[in-house]
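In our numbering, the protein residues as written are 218 to 409.
Here it is, written out as structure tokens:
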């Protein structure tokens with residue numbers, strides 16, 4: 218798979234205490250409401266925004282709207298990052314036995330970047346009070362899939378901390394209203 222080397226950073230910035238509910242445009246959170254943080258770490262997006270689905274999909278199931286190779290807010294020719302993509306990325310040729318550390322950026326995220334994935338600790342936007350947390354400490358992202366725990370409120374996702382080598386698990390997930398990073402994957406040419 219070919220994954221973008223940086224977190225996605227598109228859309229109009231809205232403030233921490235708001236929700237991404239304007240379905241007519243792409244909205245993003247910037248850590249601490251500072252656009253320079255979006256420039257450095259990428260935007261933070263709620264699940265429905267990332268999926269480019271109606272904002273109601275953050276509080277109700279929209280499983281019937283999820284497509285294979287779901288594009289969401291990714292540019293044309295790209296799709297949203299999945300757990301299977303993570304497994305491919307995690308399977309990089311690990312010459313130095315770096316594991317997850319090899320996925321993390323060397324710049325402020327305690328990694329070696331031996332995989333070239335360049336993961337940065339962009340933190341998150343917490344829906345409870347709209348707080349920003351974990352900048353430079355943790356990278357969070359959603360997958361284009363609702364979580365079986367509660368498909369109305371939860372989506373599957375992953376996270377990697379800068380302080381340990383825990384790899385994301387297939388059953389990880391969180392509230393759809395969190396603001397997480399987005400990575401896009403190039404759509405493979407199906408015609409051969």
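Every residue gets a Cβ at the ideal spot worked out from N, C-alpha and C, and that includes glycine. Computed from a predicted model, the values in this text were never measured in an experiment.
Beta-carbon spacing of residue 261, residue 397 below 8 Å: yes
Rounded separation between residue 275 and residue 369 - CA only: 7 Å
Neighbour-count burial assignment, residue 401, 16 or more Cβ in a 10 Å radius: buried
Cutoff 8 Å; reference residue 287; Cβ partners in own chain excluding five residues on either side: 268, 296, 297 and 361
Helix, strand or coil at residue 391 [DSSP, three-state]: strand
Nearest-angstrom beta carbon gap, residue 371 and residue 393 [assumed within contact, 8 Å]: 7 Å
Rounded distance between the beta-carbons of residue 380 and residue 406, thought under 8 Å: Not a contact, Cβ separation roughly 39 Å.
Status (buried if at least 16 other CB within 10 Å, exposed otherwise) for residue 299: buried
Whole-angstrom distance between residue 291 and residue 388, CA atom to CA atom: 24 Å
Where residue 257 falls: helix, strand or coil (DSSP): helix
Beta bridge counterpart(s) of residue 245 as assigned by DSSP: 230
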